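Student: Quick one: structure below, then a few questions.
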Amino acid sequence: MLELYQFEASHYSEKVRLLLDYKQLPYQTIEVTPGLGQIDLYRMSGQRQVPVLKDGDEVVPDSSAIARYLERKYPERPVIPVTPKEKGLCLMMEAWADESIGLNARKAMIGAFNQHPNFRTALLPISTPDLVKNVVGAVPSDVLSLLGTGVGFGADAVKSAMEILRQDLESLCLILETQPYLCGDQPTLADFAVAGLSMYLKFPSEIYLDLPVGICNKGVPGLVDDPAFESFWLWRDQLYGNFRKMRGNKPSAGANVTGPVAIGID
Ligand SMILES: N[C@@H](CCC(=O)N[C@@H](CS)C(=O)NCC(=O)O)C(=O)O
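Using the UniProt record's numbering, the letters of the sequence shown correspond one by one to residues 1 to 266.
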């Protein structure tokens, strides 16, 4: 069986999970422990980042390389168009999603964590004592290591990331006004890259992800609750509903599968 070395909370891993689900390929996820687990990952793949796909003897790091590998090895339910113009647009959009949405979403989310402590603490297991939740500084390092990054971002970096993301979301809404998917009538790699990499802007429901329930369906204020981007979140919810496999057969108790929820500001 295919094995996906991943962090559950990684948006590049989410891009690959969406692709695997769309292609209806059975796979097993192997959760890499940030730090120590990445040493083993390095031994296996020659680099320390997730996602890494293992298919028998084949080891493929990097979400874009994995997408191309899957398309070559498992051509059923294709995600890369064959006509030159569509293929070019699809690959260009994937690269843009990786760079613009992927990198800026990380900054925007960490900015929101810093501004809104209840977003940050939502990532902790429910059993965490209030005292620990309230210790200033105790949470961010946990969160950062969970996300596989030890880097904080300054206010200017967060502000500029938010501006870029607003432009990105506006562009996506404009494209999706006249067609169901980003490259036309069929879902492609561009759709799954955009949907997966926007995970930090609004975390999907826990019926899809094994993350602390408090974080699921929550998102970055200003992006998830702006009516201008509502059509994008609806589109993404529909893509998940149609193609992303649920974790169980039915939503877990208390699952909130209704529309986007912004972080409440205390
Ligand atoms: N270009 C890579 C980016 C992967 C990436 O940034 N992975 C992060 C998690 S979202 C990671 O493994 N970070 C840990 C580290 O850099 O040590 C891809 O598309 O797969």
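Glycine included, each C-beta is placed from N, C-alpha and C at the ideal position. Quick caveat, the model's predicted, so the values are computed rather than measured.
1) Who pairs with Asp156 in a beta bridge, going by DSSP?
2) Quick one: what's Gln28 bridged to in DSSP?
3) Taking the C-alpha atoms as reference points, what is the distance between Gly88 and Pro81?
4) From residue 270 to Gly154, what distance separates their C-alpha atoms?
5) Spell out the partners DSSP gives Glu58 in its beta bridges.
6) Apart from the five residues just before and just after Ser231, which ones in its own chain have a Cβ nearer than 7 Å to its Cβ?
7) Do Phe7 and ligand 1 come close, with the Cβ less than 7 Å from some heavy atom?
8) Taking the C-alpha atoms as reference points, what is the distance between Ile101 and Gln6?
9) Secondary structure at Tyr22, three-state DSSP: helix, strand or coil?
10) Using the Cβ count rule (16 or more neighbours within 10 Å means buried), how would you classify Lys73?
11) Within the present structure, is the beta-carbon of Ser198 separated from the nearest heavy atom of ligand 1 by less than 7 Å?
12) Shorter than 7 Å, the distance from the beta carbon of Pro221 to the closest heavy atom of ligand 1, or not?
13) My output table needs one value for Tyr12: the three-state DSSP class, helix, strand or coil.
14) Taking 7 Å as the cut-off, is the C-beta of Arg48 nearer than that to any heavy atom in ligand 1?
15) Just to confirm, is the Cβ distance from Ala195 to Leu18 under 8 Å?
16) Would you kindly check if the distance between the Cβ of Ser63 and the Cβ of Val32 is under 8 Å?
17) Mind checking whether the beta-carbon of Gln24 lies closer than 7 Å to any heavy atom of ligand 1?
18) By DSSP, does Tyr42 sit in helix, in strand, or in coil?
19) Just to check, is the beta-carbon of Asp98 closer than 7 Å to a non-hydrogen atom of ligand 1?
20) Per the DSSP calculation, Tyr208 is bridged to which residue(s)?
21) Exposed or buried, Ser141, counting other C-beta atoms within 10 Å across all chains shown (16 or more means buried)?
22) Report yes if the C-beta distance between Leu20 and Ser13 is below 8 Å; otherwise report no.
23) Pick from Cys183, Ile39 and Ala67: whose alpha carbon is nearest that of Thr83?
24) Roughly how many angstroms separate the alpha carbons of Ala138 and Leu211, rounded to a whole number?
25) Please classify Met92 as buried or exposed, where buried requires at least 16 neighbouring CB atoms within 10 angstroms.
26) Please list, in chain order, all residues of the same chain as Tyr208 whose beta carbon is under 8 Å from its beta carbon, the five residues on each side excluded.
Tutor: On the basis of the supplied data:
1) Position 156 of the sequence shown, counting from 1, holds the residue named residue 156. For Asp156, DSSP assigns no beta-bridge partner whatsoever.
2) On the sequence shown, position 28 is the one that residue 28 refers to. According to DSSP, which records beta bridges pairwise, Gln28 is partnered with Glu3.
3) Taking the first residue of the sequence shown as 1, we reach residue 88 at position 88. Taking the first residue of the sequence shown as 1, we reach residue 81 at position 81. When rounded, the distance between both Cα atoms is 9 Å.
4) What the structure shows of the chain is the stretch from 1 to 266, and residue 270 is not part of that stretch, so it cannot be assessed.
5) For the purposes of this step, residue 58 is taken as the residue at position 58 of the sequence shown. Looking at the DSSP assignment, Glu58 forms a beta bridge with Asp55.
6) Position 231 of the sequence shown, counting from 1, holds the residue named residue 231. By the criterion of a C-beta distance shorter than 7 Å, Ser231 is surrounded in its chain by Cys173 and Leu176, once the five residues flanking it on both sides are discounted.
7) As a position in the sequence shown, residue 7 is number 7, starting the count at 1. Between ligand 1 and Phe7, a heavy atom-to-CB distance of less than 7 Å is present.
8) Within the sequence shown, the letter at position 101 stands for residue 101. Within the sequence shown, the letter at position 6 stands for residue 6. Taking the CA atoms as reference points, Ile101 sits about 19 Å from Gln6.
9) Here residue 22 refers to the residue found at position 22 of the sequence shown. Residue state for Tyr22 is assigned as helix, using DSSP reduced to three classes.
10) Working through the sequence shown from its first residue, we reach residue 73 at position 73. Sixteen is the threshold: since fewer than 16 other Cβ atoms of the shown chains lie within 10 Å of the Cβ of Lys73, the residue is exposed.
11) For the purposes of this step, residue 198 is taken as residue 198 along the sequence shown, with counting starting at 1. No, the Cβ of Ser198 stays beyond 7 Å of every heavy atom of ligand 1.
12) Walking along the sequence shown from the start, residue 221 turns up at place 221. Not so, every heavy atom of ligand 1 lies at least 7 Å from the Cβ.
13) In the sequence shown, residue 12 corresponds to position 12, counting from 1. In the structure shown, Tyr12 adopts helical secondary structure according to DSSP, grouped into three states.
14) Here the question's residue 48 lines up with position 48 in the sequence shown. Of the heavy atoms belonging to ligand 1, at least one sits nearer than 7 Å to the Cβ of Arg48.
15) As a position in the sequence shown, residue 195 is number 195, starting the count at 1. As a position in the sequence shown, residue 18 is number 18, starting the count at 1. The criterion of a C-beta distance shorter than 8 Å is satisfied by Ala195 and Leu18.
16) Residue mapping note: residue 32 aligns to position 32 of the sequence shown, counting from 1. Residue mapping note: residue 63 aligns to position 63 of the sequence shown, counting from 1. Cβ atoms of Val32 and Ser63: not closer than 8 Å.
17) Residue mapping note: residue 24 aligns to position 24 of the sequence shown, counting from 1. No, the Cβ of Gln24 stays beyond 7 Å of every heavy atom of ligand 1.
18) Position 42 of the sequence shown, counted from the first residue, corresponds to residue 42. Here Tyr42 sits in helix by DSSP.
19) In the sequence shown, the residue the question calls residue 98 occupies position 98. Because some heavy atom of ligand 1 lies under 7 Å away, the Cβ of Asp98 counts as near it: yes.
20) Here residue 208 is taken as the residue at index 208 of the sequence shown, counted from 1. Paired residues: none, contrary to the question.
21) Locating residue 141 in the sequence shown gives position 141, where the first residue counts as 1. Model confidence at Ser141 stands at a pLDDT of 49, short of 50, so the residue's coordinates are unreliable; what they give is reported in the following sentence. With fewer than 16 Cβ atoms within 10 Å of its Cβ, Ser141 is classed as exposed.
22) Within the sequence shown, residue 20 is the residue found at index 20, counting from 1. Within the sequence shown, residue 13 is the residue found at index 13, counting from 1. No, these two residues do not count as a Cβ contact at 8 Å.
23) One-based indexing of the sequence shown puts residue 83 at position 83. It is Cys183.
24) Position 138 of the sequence shown, counted from the first residue, corresponds to residue 138. Position 211 of the sequence shown, counted from the first residue, corresponds to residue 211. Confidence at Ala138 is low in this model, with a pLDDT of 45, below 50, so its placement is unreliable and the value that follows should be read with caution. Ala138 and Leu211: Cα-Cα distance of roughly 19 Å.
25) Stepping through the sequence shown from its first residue, residue 92 is reached at position 92. Flag for Met92 reads exposed.
26) Along the sequence shown, read from residue 1 onward, the residue named residue 208 stands at position 208. Excluding sequence neighbours, Tyr208 sits near Tyr240, Arg244, Lys245, Met246 and Arg247.
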